[in-house]
Each structure stands twice: as C-alpha cells, then as structure tokens.
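A.B. asks: Count the sequence shown with the numbering used here and you get residues 709 to 886, in order. Please see the structure below; I have some questions.
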Amino acid sequence: MQDDLPIFTRRLTLRPLTRADIPPLVEMLNDFEVSRWLSVVPYPYTRDDAREFLTFLESADPLDALGIEAREGLVGVVGISPGATSGLGYWLGRAHHGKGYMSEAARALVSHYFATRDADHLTSGYFENNTASARVLEKLGFIPNGHERVNSVAQDTEVLLKKVILPRELWEALSWKP
709 MQDDLPIFTR RLTLRPLTRA DIPPLVEMLN DFEVSRWLSV VPYPYTRDDA REFLTFLESA
769 DPLDALGIEA REGLVGVVGI SPGATSGLGY WLGRAHHGKG YMSEAARALV SHYFATRDAD
829 HLTSGYFENN TASARVLEKL GFIPNGHERV NSVAQDTEVL LKKVILPREL WEALSWKP
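Written out as structure tokens, the structure reads:
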C-alpha cells in the first residue's frame, strides 16, 4: 500500500488534517445543515469534538479522512475507512456547496484508492432525501446495494441509509476517469 499524499486535482488538494484545521472544522460542522447528513458527527460540534477526531486520525489509516483544500482554504473532508466494508465518506461546509468540489475530490480519492489498494469494491451510503450526496455517488458509478436504518447523532434519531457499492471492474470500465 502506497499513499503518496497529498493528492492534487485541478482545483483541490486532498491532505492530512492538522490541529490548524480545528477552527474551520468546528465552524463548518457546527452547522446543522451539514452535520444532520452525517451519522457520527454530533451537533453542536465543539473544539473538543474536533480535537478528539484529530487524535483518532493519528492512528488511523492515512485515507480515513483527508482535508479538502481549495483556494479559499479548508472546505470539507473526504475519506475512505479501511476494512472489509471499505466505505467512502465525505462532507462539505455549506458555503462550499454547488461548486463541484465534492465530485472532484471524491473522484480523485476513489481513483487513488483503487490504484493503491487491493480491493475489489468500495461502499458508501447516503441518508434518504440527501439528493446532493446521492448525485455525487451516482456520478462516480456507485450502484444501489440495499438500505438500513442507522443512528444519526446530530439528529438524535434513526434515519434510512441508502447503501451503494462500486465494484472495481465497474470503476475500471468508466471512460471518464483520469
């Protein structure tokens, strides 16, 4: 496994998060319109939550969470959790929605993942009614793979998670990938 980080795209840099990212992480995740779509992120989101997250990342897989850096600074996070169910997760600060950043960042990370890992598929999911997230995954080639009820910490309730999968052979067959 070789993770040459950071990962560069036309407009973005995907890089490990640092303690300097605590203020923008708190600012972006302390917005219910962002945190409500994430399963394990609390709301309100505090500096202590950000510090705990960064401490966790110190011993995590390098691809577990990468900061998405644009010209205006940190705009969100994208990552792939390792293991048998390797899952793509991501979020953007609300001020950065609608700019195509997540499609660009996720495409670069998925490409890097399949180029550096011996995995036959990648999974992900999105909460019901999160049409923006569904669209990102659809553009990457993910296909439906069932659903389940999961807890949303921010919403303090169970929500419907629509599960998707991206087989390696489908990713390799896509004509648009870099």
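Even glycine gets a Cβ: it sits at the ideal position worked out from N, Cα and C.
Counting pairs of beta carbons, one from the region 768 to 777 and one from the region 851 to 869, are three or more of them closer than 8 Å?
C.D. replies: Too few Cβ pairs lie closer than 8 Å, so no.
A.B. asks: Quick check on PHE850: does DSSP put it in helix, strand or coil?
C.D. replies: For the purposes of this step, residue 850 is identified with residue 142 of the sequence shown, where counting begins at 1. In this structure, PHE850 counts as coil in the three-state DSSP scheme.
A.B. asks: Can you grab the Cα-Cα spacing for the pair ALA803 / VAL742, in whole Å?
C.D. replies: Within the sequence shown, the letter at position 95 stands for residue 803. Within the sequence shown, the letter at position 34 stands for residue 742. Answer to the nearest angstrom: the Cα atoms are 10 Å apart.
A.B. asks: Is it right to say PHE850 is buried, meaning 16 or more other beta carbons lie within 10 angstroms of its own, or is it exposed?
C.D. replies: Against the sequence shown, residue 850 aligns to sequence position 142. The residue in question, PHE850, is buried, as its Cβ has 16 or more Cβ neighbours within 10 Å.
A.B. asks: Taking a contact to mean a Cβ-Cβ separation below 8 Å, would you say GLY872 touches THR839 in this structure?
C.D. replies: The sequence position of residue 872 within the sequence shown is 164, counting from 1. The sequence position of residue 839 within the sequence shown is 131, counting from 1. Looking at the sequence shown, residue 872 is not Gly but Val. Not closer than 8 Å, so no.
A.B. asks: Let me make sure I understand the geometry here. Which of HIS820, ASP739 and VAL785 has the alpha-carbon closest to that of GLU880?
C.D. replies: Within the sequence shown, numbered from 1, the residue matching residue 880 stands at position 172. GLU880 has its Cα closest to that of HIS820, out of HIS820, ASP739 and VAL785.
A.B. asks: Please go through the region 711 to 742 and give each complete beta strand (DSSP E) segment of 3 or more residues, from N-terminal end onward.
C.D. replies: Here the runs fully enclosed are 721 to 724.
A.B. asks: Report the residue ranges of all beta strand (DSSP E) runs contained in full by the region 791 to 840; include only those spanning at least 3 residues, in chain order.
C.D. replies: 795 to 800 and 829 to 835, all fully within the region 791 to 840.
A.B. asks: Please go through the same chain and pick out, in chain order, the residues whose beta-carbon is closer than 6 Å to the beta-carbon of THR717, but skip the five residues on each side of it.
C.D. replies: The residue you call residue 717 lines up with position 9 of the sequence shown. If we look at THR717 and ignore the five residues flanking it on each side, its Cβ neighbours are GLU812 and ALA816.
A.B. asks: Thinking C-alpha only, which one of ARG719, LEU762 and VAL748 is nearest ILE730?
C.D. replies: Taking the sequence shown and counting its residues from 1, one reaches residue 730 at position 22. If we check each option's Cα against that of ILE730, LEU762 comes out closest.
A.B. asks: Using 10 angstroms around the beta-carbon of GLY784, count the other beta-carbons present and answer buried if the total reaches 16, otherwise exposed.
C.D. replies: On the sequence shown, position 76 is the one that residue 784 refers to. Under this definition GLY784 is a buried residue.
A.B. asks: Do the CB positions of ARG754 and VAL734 come within less than 8 Å of each other?
C.D. replies: Within the sequence shown, residue 754 is the residue found at index 46, counting from 1. Within the sequence shown, residue 734 is the residue found at index 26, counting from 1. The identity of residue 754 in the sequence shown is Thr, whereas the question assumes Arg. Result yes, Cβ atoms of THR754 and VAL734 sit closer than 8 Å.
A.B. asks: Return the chain-ordered list of same chain residues with a C-beta closer than 7 Å to the C-beta of MET709, the five sequence neighbours on each side being excluded.
C.D. replies: The residue given as residue 709 occupies position 1 in the sequence shown. Note on MET709: pLDDT 49, under 50, position unreliable in the model; the coordinate value appears next. Closer than 7 Å at the Cβ level, and outside the excluded window around MET709, lie THR824 and ARG825.
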